[in-house]
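Participant:
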Amino acid sequence: MAPTQKVYVVGVGMTKFIKPRDLRDYPDMGREAATKALLDAGITYDKVQQAAVGYCYGDSTCGQRTLYQLGMHQIPIINVNNNCSTGSTALFLARQAIEYGVADCTMALGFEKMEAGSLGSKFEDRTNPLDKTISMMSETRGISAGPFAAQIFGNAGIEYCEKYGATPTHMAKIAEKNHRHSALNPYSQFRDIYTLEQVEKSNKVFGPLTKLQCCPTSDGSACVILASEKFVREHNLQDQAVEMVAQSMATDSPKLFNESSIELAGADMTRRAAADVFSKAGIKPTDVQVVELHDCFSANELITYDALGLCKPGEAHKLIDTNDVSYGGKYVVNPSGGLISKGHPLGATGLAQCSELVWQLRGWCGERQVPNCKYALQHNVGLGGAVVISLYKKANELGSSPKYVDSRKRVGYNPATEAREVSEEEVESVRAKGANSEFMARL
647 MAPTQKVYVV
657 GVGMTKFIKP
667 RDLRDYPDMG
677 REAATKALLD
687 AGITYDKVQQ
697 AAVGYCYGDS
707 TCGQRTLYQL
717 GMHQIPIINV
727 NNNCSTGSTA
737 LFLARQAIEY
747 GVADCTMALG
757 FEKMEAGSLG
767 SKFEDRTNPL
777 DKTISMMSET
787 RGISAGPFAA
797 QIFGNAGIEY
807 CEKYGATPTH
817 MAKIAEKNHR
827 HSALNPYSQF
837 RDIYTLEQVE
847 KSNKVFGPLT
857 KLQCCPTSDG
867 SACVILASEK
877 FVREHNLQDQ
887 AVEMVAQSMA
897 TDSPKLFNES
907 SIELAGADMT
917 RRAAADVFSK
927 AGIKPTDVQV
937 VELHDCFSAN
947 ELITYDALGL
957 CKPGEAHKLI
967 DTNDVSYGGK
977 YVVNPSGGLI
987 SKGHPLGATG
997 LAQCSELVWQ
1007 LRGWCGERQV
1017 PNCKYALQHN
1027 VGLGGAVVIS
1037 LYKKANELGS
1047 SPKYVDSRKR
1057 VGYNPATEAR
1067 EVSEEEVESV
1077 RAKGANSEFM
1087 ARL
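Each number in the numbering used here comes from the position in the sequence shown (counting from 1) with 646 added on.
(1) With which residues is His990 paired in a DSSP beta bridge?
(2) What is the DSSP secondary structure of Ala1092, reduced to helix, strand or coil?
(3) So which of Thr712, Gly688 and Cys860 has the shortest CA-CA distance to Ala698?
(4) Whether or not the segment 923 to 938 and the segment 820 to 833 are in contact is what I'm after, with contact meaning three or more pairs of Cβ atoms, one per stretch, closer than 8 Å; do they touch?
(5) Here's the rule I'm using: 16 or more other beta-carbon atoms within 10 Å means buried, otherwise exposed. How should Met753 be labelled?
(6) Tell me whether Ser925 sits in a helix, a strand or coil according to DSSP, three-state version.
(7) Count the CB pairs spanning the segment 798 to 809 and the segment 946 to 963 that are closer than 8 Å, and state whether there are at least three.
(8) Under a three-way DSSP split, which group does Thr752 fall into?
(9) For Thr786, tell me which candidate among Ser907, His940 and Phe1085 has the shortest Cα-Cα distance.
(10) Quick one: Cα of Lys614 to Cα of Ser706, how far?
(11) Measuring only the C-alpha atoms, how far is Lys847 from Asp686?
(12) Kindly indicate which three-state DSSP category Thr779 falls into: helix, strand or coil?
(13) Find the nearest neighbour of Gly974 within the set Cys1019, Met890 and Thr1063, judged by alpha-carbon distance.
(14) Looking at the unbroken beta strand (DSSP E) that takes in Ser1123, where does it start and where does it end?
(15) Could you check the C-alpha separation between Trp1005 and Asp771 for me, to the nearest Å?
(16) From the DSSP output, which residues share a beta bridge with His1025?
(17) Tell me, to the nearest whole angstrom, how far the beta carbon of Gly1030 is from that of Asn729; I am working on the premise that it is less than 8 Å.
(18) May I have the straight-line CA-CA distance separating Glu843 from His816, to the nearest angstrom?
(19) With respect to the beta strand (DSSP E) encompassing Tyr951, which residues constitute its N-terminal and C-terminal limits?
(20) Given that a residue counts as buried once 16 or more other Cβ atoms are within 10 Å of its Cβ, and exposed if not, what is Ile839?
(21) Closest to Tyr1021 by CA distance: which of His990, Val936 and Gln999 is it?
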């Protein structure tokens, strides 16, 4: 079945990402992010015809519990769990509904309330879905006392160094860059700048990876509103619409078990999805200016430059040597600070990446703005496995609407450069018309 409609991002919103300290619960965080996205789009929740809600840690139907606060107009709400790619998987489902003519306006919402410390399995009475991945790691590199995910991605970085001549310093430089970028992002969990020496000398986690090269666990939420061209024009959103030019989701190939640590980290599914995206869009990776890349560990950013086609195979470290992954270079990778510094609430991560890229394409990002930004690339991956890659551009072909109201004027500030919580008045202003329960709306 061929797609029938183009897909546009018309609203984005997110909470500040914070350390897991039991300060906020998921209904509160999800309500804030959804309200911000609806305010950005200038619509009420009853305009949304379908929602996909992503989270990894929570009981079934947390999506309904969260969105019922904004209205109960009986739309399909699909709850999504796909490991670290959960947020982008929700976005993938929301896009499909628009692209194939099922709906004209959809929502992708993601949130996570996490526990402190490294990630682990929550169920001890059934098979771990990563059991074969763990077994392969044991056979190829062995298992140490470090966190499992750090071993998977750390081993991939070690193999890349062994095969191509990269060094642990290249991985440390990636982390230094991302921490530096995060200083300008008001939503980042961490905004401190570190020297390369501080990154390299921070506490060792596994192999070449130090603490400052690993993403933290986080609490947070992000939301994206998608729409068809018809909806965009009917609601005078041409001026802020960002087109999702292409998107691809892939899972693992048999290469996963080829006794390669790089493949065990999911590199082949990234190659497959990236090639599909660029083929659909009719452009090359070198046409991209800004990238939000899943840097759960600095080693994963290193191997993913290669898998995305941002460089020739085996030359990822050369991008770092020539400063071609930061401001003034060929690409700006993770202007938000990435997962390493912005934080990684699993269900929200992919939607926070999308939010950053939409703000970049609108030109709203102030001091962290990437100049001359035409194409933006998003990479969100989860072990187990799934990857979603999305390509965006400003929708200039839609023209301008004389009735357009800049959402920064509507909310009274620039959400790309200032992280504010929403007021009860703002929440009330986006609630579904005629389909609310006052009992449900109580916090």
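Even for Gly, the Cβ is constructed at its ideal location relative to N, Cα and C.
Facilitator: Taking the geometry as given:
(1) Thr863
(2) Limits of the chain in this structure are 647 at one end and 1089 at the other, which puts residue 1092 out of reach.
(3) Thr712
(4) No, they do not touch.
(5) buried
(6) For Ser925, the three-state secondary structure derived from DSSP is helix.
(7) yes
(8) strand
(9) Ser907
(10) Residue coverage of the chain in this structure runs from 647 to 1089, which leaves residue 614 outside it and unanswerable.
(11) 42 Å
(12) Correct three-state label for Thr779: helix.
(13) Comparing Cα-Cα distances from Gly974 to each of Cys1019, Met890 and Thr1063, the minimum goes to Cys1019.
(14) Past the boundaries of the shown model lies residue 1123; the chain is included only from 647 to 1089, so the question cannot be answered.
(15) 44 Å
(16) Ile1035
(17) At roughly 5 Å, the Cβ-Cβ gap stays under 8 Å, so Gly1030 and Asn729 are in contact.
(18) 12 Å
(19) Careful: Tyr951 lies outside any beta strand (DSSP E), inside the alpha helix (DSSP H) at Ser944 to Leu954.
(20) exposed
(21) Val936
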